[in-house]
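Below: one structure, written as structure tokens.
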Amino acid sequence: MDNLIARQELNTEQQLMINAEFEKRKKSKGIAYILWLFLGSLGGHRFYAGDIGLGIGMIIVWVLGWFIFFIPTIIWAIIDLFLIGKRIDQLNEQIEAEIINKVKMLKS
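Residue numbers (my numbering): 47 to 154.
Laid out in structure tokens, this is it:
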């Protein structure tokens, strides 16, 4: 919602600049879910979303899982299934806000 308010102050050319840059940089929920499906236990979807620390944490849990039948890894991956969409939405809002701020700085 804040991004919509911030965009109201901009002219059409600036809006087009924001849209073009956002289309290049935005993250896809579809790709995140595919990464979760194939590399979920290794945190592939976390690395895609820029959550490097959590991705490394998932790898560590996966390695430790060899000794406890992967139960923590499976639980974490299932929980992430429900969190991926919201995380990608937050990330895209953040990316859009950064682009809007850059365009506003160019305007000044």
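Here a beta-carbon is modelled for each residue, glycine too, at the ideal position from N, C-alpha and C.
Beta-carbon separation (whole angstroms), residue i vs residue j, contact threshold 8 angstroms
| i | j | result |
| --- | --- | --- |
| residue 142 | residue 68 | 5 angstroms |
| residue 82 | residue 121 | Going by Cβ atoms, the distance from residue 82 to residue 121 rounds to 14 angstroms, so no, they are not a contact pair. |
| residue 134 | residue 78 | 5 angstroms |
| residue 95 | residue 75 | Their Cβ separation, rounded to whole angstroms, is 10 angstroms, which puts residue 95 and residue 75 out of contact at 8 angstroms. |
| residue 100 | residue 89 | 7 angstroms |
| residue 146 | residue 52 | 5 angstroms |
Residue i, enclosing alpha helix (DSSP H) - first and last residue
| i | result |
| --- | --- |
| residue 103 | 98-111 |
| residue 95 | Where residue 95 is concerned, there is no enclosing alpha helix (DSSP H), given that its DSSP letter is neither H nor E. |
| residue 55 | Counting along the chain, residue 55 falls outside any alpha helix (DSSP H), and DSSP gives it neither H nor E. |
| residue 129 | 117-153 |
| residue 80 | 75-85 |
Reference residue i; option with closest CA among the options
| i | options | result |
| --- | --- | --- |
| residue 138 | 65, 84 and 61 | 65 |
| residue 85 | 119, 48 and 63 | 119 |
| residue 127 | 63, 80 and 48 | 80 |
Practice task
Specify whether the region 97-109 and the region 52-60 touch according to this definition: at least 3 beta carbon pairs, one from each stretch, less than 8 angstroms apart.
Solution key: Verdict: no, contact absent.
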